[in-house]
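The structure under discussion appears below in the form of structure tokens.
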Amino acid sequence: MTIYISPTRRLSNLRQAVDRAMDETIADMTPREREMTLAVDVHATDEGYSIRALIPGVASENLDIEILHNTVSIRGEFPVDEDAEDVKYLTCELPTGRFARVLTLPTAVDAARSEASLKNGVLTLWVPKAEAYKPKTIKVNPN
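Quick note on this note's numbering: the sequence shown kicks off at 5 and runs consecutively.
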């Protein structure tokens, strides 16, 4: 008797098993246990980086922003409606729970001169480049 072993079938079965396990794990998590990735826009200029993120309903005291070398970390938590645990939603698309984003910028930055503001649910973060990485203008003296 000849038995054919298909590596692709075995890999497919393994993938399906892992997918089922992950789906069950994520489905069992409450919104507070999940951590979503925060969407951001990063605009680079000669002077530094402007980072913007939409975080509606998040108070400034619920934000944690850290800058180390050329890495910016933004963490926080969207408010969770405590009364909504027994509610059956038809659609539930508003963000809830923890969020985070870690950005590695292409040059070193000056963390001491960085500024952050939160207005109308929009976080704006200005991170200036370190002096060594700013473009320099050099005048040529005529001979």
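All C-beta atoms, glycine included, are put in the ideal place defined by N, C-alpha and C.
Assuming residue i contacts residue j under a Cβ cut-off of 8 Å, what Cβ separation, rounded to an integer in Å, is found between them?
i, j, result
"residue 59", "residue 44", "At roughly 10 Å, the Cβ-Cβ gap does not stay under 8 Å, so residue 59 and residue 44 are not in contact."
"residue 66", "residue 109", "At roughly 24 Å, the Cβ-Cβ gap does not stay under 8 Å, so residue 66 and residue 109 are not in contact."
"residue 137", "residue 95", "Actually they do not touch by this definition, with Cβ atoms about 46 Å apart."
"residue 107", "residue 69", "Contact doesn't hold; Cβ gap of about 11 Å is too wide."
"residue 105", "residue 42", "4 Å"
Beta-carbon of residue i versus every beta-carbon of chain B: anything under 7 Å?
i, result
"residue 52", "Included in the structure is just one protein chain, with no chain B present."
Is residue i helix, strand or coil by DSSP?
i, result
"residue 12", "helix"
"residue 109", "coil"
"residue 77", "strand"
"residue 46", "strand"
"residue 54", "strand"
"residue 150", "Missing from the structure shown is residue 150; the chain here goes from 5 to 147 and no further."
"residue 116", "helix"
According to DSSP, what are the bridge partners of residue i?
i, result
"residue 123", "126"
"residue 70", "77"
"residue 40", "103"
"residue 132", "52"
Rounded to whole angstroms, what's the CA-CA distance from residue i to residue j? Just pull it up for me.
i, j, result
"residue 84", "residue 99", "9 Å"
"residue 64", "residue 101", "15 Å"
"residue 61", "residue 144", "54 Å"
"residue 132", "residue 121", "15 Å"
"residue 22", "residue 40", "21 Å"
"residue 79", "residue 13", "41 Å"
"residue 142", "residue 48", "22 Å"
"residue 24", "residue 11", "20 Å"
"residue 146", "residue 53", "36 Å"
"residue 15", "residue 26", "16 Å"
"residue 114", "residue 57", "20 Å"
Evaluate residue i with the Cβ neighbour count: other Cβ atoms within 10 Å of its Cβ, from every protein chain shown; 16 or more gives buried, anything less gives exposed.
i, result
"residue 72", "exposed"
"residue 93", "exposed"
"residue 140", "exposed"
"residue 125", "exposed"
"residue 18", "exposed"
"residue 76", "buried"
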